[in-house]
Each structure stands twice: as C-alpha cells, then as structure tokens.
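Heads up: the structure comes next, in structure tokens.
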Ligand code: HEC
C-alpha cells in the first residue's frame, strides 16, 4: 500500500483521537475552574470544607464540596483526572511528528523565511519543545513564581519572543503549530510533572497518617490556572492552518501574539463572570484587537487593477506550479490524493477553484513552502485573472 495513502489515514485517526481527548480534557478543566470560582461557604459546619456548590444536571441534583487541604480520612475510591490530558498530548505529538517532522520540507521549512535542511528544522523544533517546558517550569519555581502579575507579564513577553523566533525560523503554518505544540506540551507537563505528582504526595502523606503539605495544593492550583488561560490561544493555533491570512504575513508572529492575548482576555472574562463580576471591557478589548487585525491585514487591491492574462497563460502557470499535487493522481510523492480534494487539471477545475486559488496564492499559502518555485509575477497574473472574473479565454 502507498505510504502517502496510509499517512492520510494515520493523520485522520490521530486527529480524531486528539480532538476527542482534547474535548474531554478541556471540558473537565473548564468545569473545575468554574466550580472553584462558584463555590459558596459551606453550611454544615465542617471546618475542613472550604466551599460547596449545589447544581442540577442531566435530571439529577449534585452536591459538591471542596476540602482544603484534605478530608479527615481518604475515601476508598478516589477519581483522578489525568488520562484526558495525557492522551491529548500523545495523539497531538504523534500528529505533529507525522505532519511537521516527517514532511518538514513541506510544512516546517520555508526557504523564503530561512533555508535549512529538514533534519535541522526537526532538531530545532524538538529542542524548542523541550526548552519551552524547561524554561517555563524554572520560571514558575523561581522567586518570580509567587508573583502572578509579574509571571503573567513575563509569560506574555516570552510568548512574543518564541512566536517571533518560530516565525523567523519556519514557514508561517509550521511556526504557528510549533508554538501551539510548545504551549500544549507545557499544559500537559503541568498535569504530569506538577499537578499529579503533588496530589500523589498529598495522598501518600495521608495514607501514613500525616497532614499533607498544603504547598502541593497551591502549586497544583497555580499550574491549573495557567492552563486555563492557555486553552483559548492553543485552540486558535490548532485551527489556524485553515486560515493562511493569519500565518502568512511578515507580521505573522504579532498576529499570533495578538490573537493569543484576545483568547486569554476572553477566558479571563468568563473566569471573572463565574466569580460574579461582569468585566465586559475584556471581551470588548479582545474584539478590538481582532478588528484591528482584520483592518491591518487586509490585502492590497493593487494587483487587481492589472490586466487579466489570457486563460492559456493561467493554465500554463497552474500546470507548472500547482498540478504536481492538485491532480487526480498527484506526481508529488507526498500525496496519494489531491490535497483537500482540490484538482487543478482541466479548465473547468481551474475555474471552479478560482476564488480559493486567489486566496491561497495571495496569502502565499500555496504552493506550500513554494516548493514549485512560483514567481511573484506569476502570482500577480493569477490574481489579476481571478479579479477579472476568471474568464475562460
Ligand atoms: C507541494 C504540493 C502542493 C502544491 C504544489 C500546491 N498545493 Fe495547494 N494544497 C496542498 C496541500 C497539502 C493542501 C492542503 C492544506 C491543508 O492541509 O490545509 C492544499 C490546499 C489547497 C487549496 C485548498 C485550501 C483550503 O484549505 O480550502 C487550494 C485552493 C490550493 N491548495 C490551491 C493551490 C494552487 C492554486 C497552487 C498553485 C499555485 C497549489 N495549491 C500548489 C499542496 C500543494
């Protein structure tokens, strides 16, 4: 069986798993943050109960109580939340390797950004994944770790540096996913290396009849709060490959940072709302940031005024620059089937995909990494042809 065909199936199945595990993980994460924020002082007088909540869901009533630091005795059965996070990372990392490492010359390296061999790009990408977590973890454990506001400011500055670096090392799409993979790795490592080990130590202490050290609870809570602010930015990054206008500009690193901030502000709005505060300026600020991006990123219409080339010329450009992948039987070995079902062989097909072609060619998302070496002049010709209504002659 063809390797590219099998890779497509691996891609689909891993992506499906990644989505399912991610939904489960972020779902529990959102749930527990909102529960924590909405706890009310306990009424039954148990001094160990820090707060409680009544809720109704799925036809039943639930009464939840949070113990700080812990209940007097451990219950026989304790439910842990970890596999959602672990499987999100396992599937996500496998997907990242499959797409961005195995096909690094298509998806990670862009000679127009920085020409480097695929193996070097993979090495840098791996080093950044590890380095991101190590740097973040050291920062949280340092003396700045106690000061949440300072930590947040350093975090935003670090994100700016990492986004800038990634976007100057890799093609836009790969750079965005690199930052997303780094952020996702930090989030899962927070669970695997801090939250869960801390909880294990608390449980072990109680099993030996000792009082658990409250610092583990504090550390775990800090990382869990960080994770909640990272969810919306990470989810944006994960869908960004569909939207070249975000990752294909010379300011793409700033776009990444701005949308990331807009996501974190929006998350903060919900966190405050759960605590009874309605800080509408937060989503308004996020909307303003996005509106600014839409305005600043609008493509110039200059090229549209150029005269449309004859259709034969368009056909020749597309045959030379696009059809090696976008054909019923791609000659590019990386593809078993035309990517996204887009075929650009017959005149009908070329005209059918005219608007999408303009979008992809204008943002320079296609050809990926400019593998087929399209020239700026050819791009302008294609755009002018679409702008003129994609005439068939
Ligand atoms: C090296 C292979 C390759 C070449 C050459 C190539 N493409 Fe693509 N194209 C792809 C891949 C891969 C995708 C799917 C991208 C993704 O995963 O989102 C794609 C997607 C597209 C899409 C659909 C975008 C969407 O998400 O709906 C269009 C339209 C497109 N290409 C147009 C073109 C045009 C026009 C050219 C020539 C100027 C071209 N491509 C050259 C590989 C290629």
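Numbering (our numbering), first residue to last: 113 to 505.
Yeah, the Cβ is synthetic: ideal placement off N, Cα and C, and Gly gets one too.
Predicted, not measured: the structure shown is a model, and the values here were computed from it.
Below 7 Å CB to CB, which residues in the same chain sit around residue i once its five sequence neighbours on both sides are set aside?
i, result
"residue 73", "The structure shown does not extend to residue 73, since the chain is modelled only from 113 to 505, so the question has no answer here."
"residue 444", "436, 437"
"residue 369", "271, 272, 275"
"residue 446", "116, 215, 218"
"residue 456", "430, 434, 435, 438, 462, 465"
Quick check: what's the CA-CA separation for residue i versus residue j?
i, j, result
"residue 202", "residue 134", "11 Å"
"residue 204", "residue 126", "7 Å"
"residue 158", "residue 184", "10 Å"
"residue 424", "residue 497", "11 Å"
"residue 116", "residue 479", "18 Å"
"residue 272", "residue 253", "21 Å"
"residue 162", "residue 317", "20 Å"
"residue 263", "residue 256", "6 Å"
"residue 291", "residue 365", "10 Å"
"residue 342", "residue 221", "26 Å"
"residue 243", "residue 360", "25 Å"
"residue 453", "residue 167", "47 Å"
"residue 174", "residue 181", "22 Å"
"residue 227", "residue 353", "21 Å"
"residue 178", "residue 122", "42 Å"
"residue 395", "residue 404", "14 Å"
"residue 426", "residue 468", "15 Å"
"residue 390", "residue 250", "34 Å"
"residue 119", "residue 207", "10 Å"
"residue 230", "residue 329", "43 Å"
At which residues does the beta strand (DSSP E) containing residue i begin and terminate?
i, result
"residue 166", "161 to 169"
"residue 177", "172 to 179"
Go to residue i, then tell me how far its alpha helix (DSSP H) extends in each direction, as first and last residue.
i, result
"residue 319", "308 to 319"
"residue 372", "364 to 386"
"residue 213", "Element bounds for residue 213: n/a, residue is neither H nor E."
"residue 349", "326 to 351"
"residue 259", "Segment: none, residue 259 is in no alpha helix (DSSP H) and carries neither H nor E."
"residue 226", "Segment: none, residue 226 is in no alpha helix (DSSP H) and carries neither H nor E."
"residue 141", "115 to 150"
"residue 487", "Here residue 487 belongs to no alpha helix (DSSP H), and DSSP marks it neither H nor E."
"residue 405", "393 to 408"
"residue 423", "423 to 433"
"residue 463", "459 to 464"
"residue 359", "356 to 359"
"residue 288", "284 to 301"
Residue i: which of the options sits nearest, CA to CA?
i, options, result
"residue 240", "287, 265, 367", "287"
"residue 408", "352, 179, 363", "363"
"residue 432", "386, 490, 400, 403", "490"
"residue 402", "392, 380, 373, 430", "373"
"residue 153", "302, 459, 176", "176"
"residue 248", "334, 475, 448, 344", "334"
"residue 225", "380, 483, 192", "483"
"residue 189", "259, 232, 315, 300", "315"
"residue 193", "140, 296, 172, 238", "140"
"residue 503", "172, 267, 419", "419"
"residue 481", "231, 223, 131", "223"
"residue 211", "261, 199, 234", "234"
Can you name, in chain order, every residue of its own chain whose Cβ lies under 6 Å from the Cβ of residue i, other than the five neighbours on each side?
i, result
"residue 371", "348"
"residue 397", "377"
"residue 386", "146, 149, 150"
"residue 114", "448"
Closer than 8 Å by C-beta to residue i: which residues in its own chain qualify, once you throw out the five before and the five after it? Chain order, please.
i, result
"residue 475", "356, 357, 360, 361, 411"
"residue 380", "341, 391, 394"
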